[in-house]
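Mapping the sequence shown onto the working numbering, position 17 (from 1) lands on 27, and the numbers just tick up by one.
For each residue, glycine too, the CB sits at the ideal point set by N, CA and C.
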Amino acid sequence: MSPTLQGFLSVSMSANMGYVSDESQDFAIEAWHEDGRWSIASLPDPDDLTHIVDRLKKQQTNGGAVALISIDDEFFLAIRVLGSTLKYFISDITCALDYEVAAEFLEIAELDQPEEEDEPLPAGDLDIFADLSLNGMELSTLCDDADLFPDEQIEAIANRLGFGEQLTELLES
Numbered sequence: 011m012s013p014t015l016q017g018f019l020s021v022s023m024s025a026n027m028g029y030v031s032d033e034s035q036d037f038a039i040e041a042w043h044e045d046g047r048w049s050i051a052s053l054p055d056p057d058d059l060t061h062i063v064d065r066l067k068k069q070q071t072n073g074g075a076v077a078l079i080s081i082d083d084e085f086f087l088a089i090r091v092l093g094s095t096l097k098y099f100i101s102d103i104t105c106a107l108d109y110e111v112a113a114e115f116l117e118i119a120e121l122d123q124p125e126e127e128d129e130p131l132p133a134g135d136l137d138i139f140a141d142l143s144l145n146g147m148e149l150s151t152l153c154d155d156a157d158l159f160p161d162e163q164i165e166a167i168a169n170r171l172g173f174g175e176q177l178t179e180l181l182e183s
């Protein structure tokens, strides 16, 4: 592992130490970047992907809009709208075998459904955040870290993109 990647994971994991949940928490947030700063808000229903995509399309600014969705302490979803381009990412494609929202996500993203014998792997656009300083290799490594729960992975992504403190405040409120 490169020193840069190792540092990213270490910083991200330390930043996550402050937010601990004893129970499963599904959540969805939207973030948008405009005039050099991030704004974030909660999304009401993590399972309503159509509504989330519609909100992102309406929220678009010069920096685009992102949704990060944590489901049942098992996996996370990322959706990004930038102009007319939609990008999709799921941290574990095999979750579509057990979770309707993951199966629906794969349909929307036009990704193949997994088979029972498939390994748990991330799927979709690994470079979804590459222009925001989080490349596909780093995102894949983050997903492969079995010690991190999806909410912690999302917090690591938010920290890297520049809205980690805002996310922590939102989740703690």
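heavy atom of the ligand COA below 7 Å from residue i C-beta
i    : result
D141 : For the ligand COA, the structure offers nothing, since it holds no ligand at all.
Range covered by the alpha helix (DSSP H) that runs through residue i
i    : result
S150 : 146-154
T237 : Summary: the structure shown does not reach residue 237, with the chain confined to residues 11 through 183, and so no result is reported for it.
A77  : That residue, A77, is in no alpha helix (DSSP H); its beta strand (DSSP E) goes 75-81.
L142 : No alpha helix (DSSP H) holds L142; DSSP gives it neither H nor E.
I103 : Per DSSP, I103 belongs to no alpha helix (DSSP H) and is neither H nor E.
F115 : 110-118
L171 : 160-171
L180 : 174-182
Cβ-based burial, residue i [other Cβ within 10 Å; buried from 16]
i    : result
E125 : exposed
A156 : exposed
D45  : exposed
P54  : exposed
D141 : exposed
D64  : exposed
R90  : buried
S183 : exposed
S31  : At S31 the pLDDT is 38, less than 50, meaning the model places this residue with poor confidence; the figure from the coordinates comes in the next sentence. With fewer than 16 Cβ atoms within 10 Å of its Cβ, S31 is classed as exposed.
Residue from the options with nearest C-alpha to residue i
i    : options                : result
D137 : L131, D128, E127, L149 : L149
S94  : A75, T104, F86, I103   : A75
I39  : L152, L87, D82, D122   : L87
D36  : I118, E84, K68         : E84
P132 : C153, R90, A119, D122  : C153
L66  : D82, A41, P56          : A41
H43  : I118, D122, F139       : F139
Limits of the beta strand (DSSP E) - the one that residue i falls within
i    : result
I39  : 37-44
L131 : L131 -> no beta strand (DSSP E), and no H or E assigned at all.
T95  : 95-100
P92  : The displayed chain sequence assigns Leu, not Pro, to residue 92. Start and end: 85-92.
L53  : 47-53
Own chain partners of residue i with C-beta closer than 6 Å, once the 5 adjacent residues on each side are dropped
i    : result
D161 : S80
N26  : Since pLDDT at N26 reaches only 37, below the 50 mark, its modelled position is unreliable, and the value read off the structure follows with that caveat. Only E162, E165 meet the Cβ criterion.
T104 : P124, D128, P130
L92  : G74
Same chain only: Cβ atoms within 7 Å of residue i, ignoring 5 sequence neighbours per side
i    : result
G172 : W48
E33  : In this prediction, E33 has a pLDDT of 46, which is less than 50 and means its spatial position is unreliable; what the coordinates show is noted afterwards. So the list is empty, once near-sequence residues are dropped.
Mind the definition here: the stretch 93-101 touches the stretch 172-180 only if three or more C-beta pairs lie below 8 Å; say whether that holds.
no
Would you call the stretch 163-170 and the stretch 103-120 in contact, with 3 or more CB pairs under 8 Å?
no
Could you tell me whether the stretch 137-146 touches the stretch 111-124, using the rule of 3 or more Cβ pairs below 8 Å?
no
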